[in-house]
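Just so you know, the sequence shown maps onto residues 265 to 583 in my numbering. Let me begin by presenting the structure, written as structure tokens, before commenting on it.
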Amino acid sequence: MSERDTGTRVGRRLYLGWDVGGWLGKTDGLAAFIFGHGGTLLRRIPGKMVSLWKEYDGRRWTLEKFIRLLDPQLLLDRFDRVVLAIDAPLGLPQRFIRAVTSEISKVPEPEYNVEKIMEARLAFRVTDRLIAKRFDVKPLSPSLDRATNNGSKARSACAEFIRELPKMAVPPFRKDEPGQTRFVAIEVNPDVWWSEKWINFTSSCIPESEREGDAKEAATCALNALWYDIAASGIAKGRFPLLPPVDPVATPAPEIIPKNLLPENLGEYDPEATPGDRDAILQEGWIYAPDLERVAVAPPVAPSFPAPGSPSGSAPPPP
265 MSERDTGTRV GRRLYLGWDV GGWLGKTDGL AAFIFGHGGT LLRRIPGKMV SLWKEYDGRR
325 WTLEKFIRLL DPQLLLDRFD RVVLAIDAPL GLPQRFIRAV TSEISKVPEP EYNVEKIMEA
385 RLAFRVTDRL IAKRFDVKPL SPSLDRATNN GSKARSACAE FIRELPKMAV PPFRKDEPGQ
445 TRFVAIEVNP DVWWSEKWIN FTSSCIPESE REGDAKEAAT CALNALWYDI AASGIAKGRF
505 PLLPPVDPVA TPAPEIIPKN LLPENLGEYD PEATPGDRDA ILQEGWIYAP DLERVAVAPP
565 VAPSFPAPGS PSGSAPPPP
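In structure tokens, the structure reads:
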């Protein structure tokens, strides 16, 4: 499998969403968007339930095989960039790691003064607490909940993908350099997109038939992958969405300029963040979510994509 650099041109791109099931579970949810040269939507693959254990049957996990679970005709060599958005923690709280790996007499003392579980550094990472505050959602604990099960499986898969594709990025652990990095995996939280501030926008991008159960989570992850890449790469003049409205008679609103929540901006998001928090992110991981406060309506430009109301027109921005 080639990992050739893509330069700055906008070629075919695959945006995958993975709602991770546990090691002993029977299903994982997958969904995808495929974009062609110039940023036109070629195909949408709705959420689909698969069983990794059944499909792989003891064979090594590879990204090449992984995308074929959605469609046997898909080939990595056909894409200039592949973004995989994963609904599972790709890191653990540092305090938890010390609690389970330290020599018994050096285990950190209990957090006696914690009043709310979300404040417990044994249970939640810096990124989890930030997501909870900004979006008013309740993330699962990466260390004390079933998310630990799913996270260990997702981490194992990422490690296998990196063995297959040594230059694959998994930020913040392995840097993504848009324009050069061809394969990237990010951690996401679908609940963010269905929060009160964001639900109208998300509903305009995901059909009602895909708004239930694991299919909903997978489709939302794929949407997050698309958003992340437009914001990170600046493709399509950095505008979103490039998706047709789920209601074809709806009047599309102006396009918007997407922004990602980025770990380097932690001090702006949380004035009480410490240098230790910023260092912890590099070990604990980061949830890549939309930066609502920085989203703006895009100024009019000469159309380089189909006009609103056409098959690749726009959908409404967030309220």
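Every residue, glycine too, gets a C-beta built ideally from N, C-alpha and C.
Beta-carbon proximity list for residue i, same chain, < 8 Å, skipping 5 on both sides
i    : result
T291 : G285, M313, V314, S315 and D478
L306 : R276, I298, F299 and G300
A433 : K439, D440, E441, T445, F447, V448 and A449
Delimiting residues of the beta strand (DSSP E) encompassing residue i
i    : result
L278 : R277 to D283
D292 : D292 to F299
P310 : L305 to V314
L348 : R345 to D351
Neighbourhood of residue i by C-beta, 7 Å cutoff - its chain only, sequence neighbours within 5 removed
i    : result
D283 : D292, G293, D351, D478, E481, A482 and C485
V378 : A384
D595 : Coverage of the chain is limited to positions 265 through 583, which leaves residue 595 absent and any answer about it impossible.
Contacting residues, own chain, Cβ-Cβ under 6 Å from residue i (five flanking each side not counted)
i    : result
W325 : A421 and E424
L404 : A411
L356 : P406 and S407
I360 : According to the sequence as given, residue 360 is Phe; it is not Ile. L386 and S407.
R273 : Confidence in R273 is poor, its pLDDT being 45 and thus under 50, which makes the residue's placement too unreliable to answer from.
Residue span of the alpha helix (DSSP H) that contains residue i, given as start and end
i    : result
E451 : From DSSP, E451 is part of no alpha helix (DSSP H) but of the beta strand (DSSP E) over F447 to E451.
A423 : A411 to E428
V364 : Q358 to T365
V390 : V390 to F399
R480 : What sits at residue 480 in the sequence shown is Lys, not Arg. Looking at the DSSP string, the run of the alpha helix (DSSP H) that includes K480 is G477 to S497.
E441 : Segment: none, E441 is in no alpha helix (DSSP H) and carries neither H nor E.
When the options are compared against residue i, the one with the closest alpha-carbon
i    : options                   : result
P545 : R345, A496, V346 and L354 : Sequence inspection shows Ile at residue 545; the Pro mentioned does not correspond to that position. It is L354.
P527 : R503, L507 and D555       : D555
R438 : Y376, Q547, A295 and G498 : Q547
G303 : R503, L334 and D335       : R503
R389 : L507, I368, P336 and Q358 : Q358
G443 : K329, F330, D344 and L288 : D344
P435 : T391, D534 and E557       : T391
Integer Cβ distance of residue i from residue j, believed to fall under 8 Å
i    : j    : result
E428 : L327 : 6 Å
R542 : L525 : With 8 Å as the limit, R542 and L525 do not qualify as a contact, their Cβ atoms being about 14 Å apart.
S467 : D400 : Contact flag wrong, Cβ pair sits at about 18 Å.
D409 : A496 : So it is not a contact: roughly 29 Å between Cβ atoms.
F447 : V346 : 5 Å
L487 : I470 : 7 Å
L334 : I309 : 5 Å
A384 : P372 : The Cβ separation is near 11 Å, so there is no contact.
Stretch pair the stretch 386-403 + the stretch 539-553: three plus CB contacts closer than 8 Å: The stretch 386-403 vs the stretch 539-553: in contact.
Across the stretch 275-282 and the stretch 485-500, are there enough close Cβ pairs to call them in contact, namely three or more that are closer than 8 Å? At 8 Å Cβ cutoff, the stretches touch.
Would you check if the stretch 338-355 and the stretch 448-464 touch, i.e. whether three or more CB-CB distances between them fall below 8 Å? Output reads yes: the stretch 338-355 touches the stretch 448-464.
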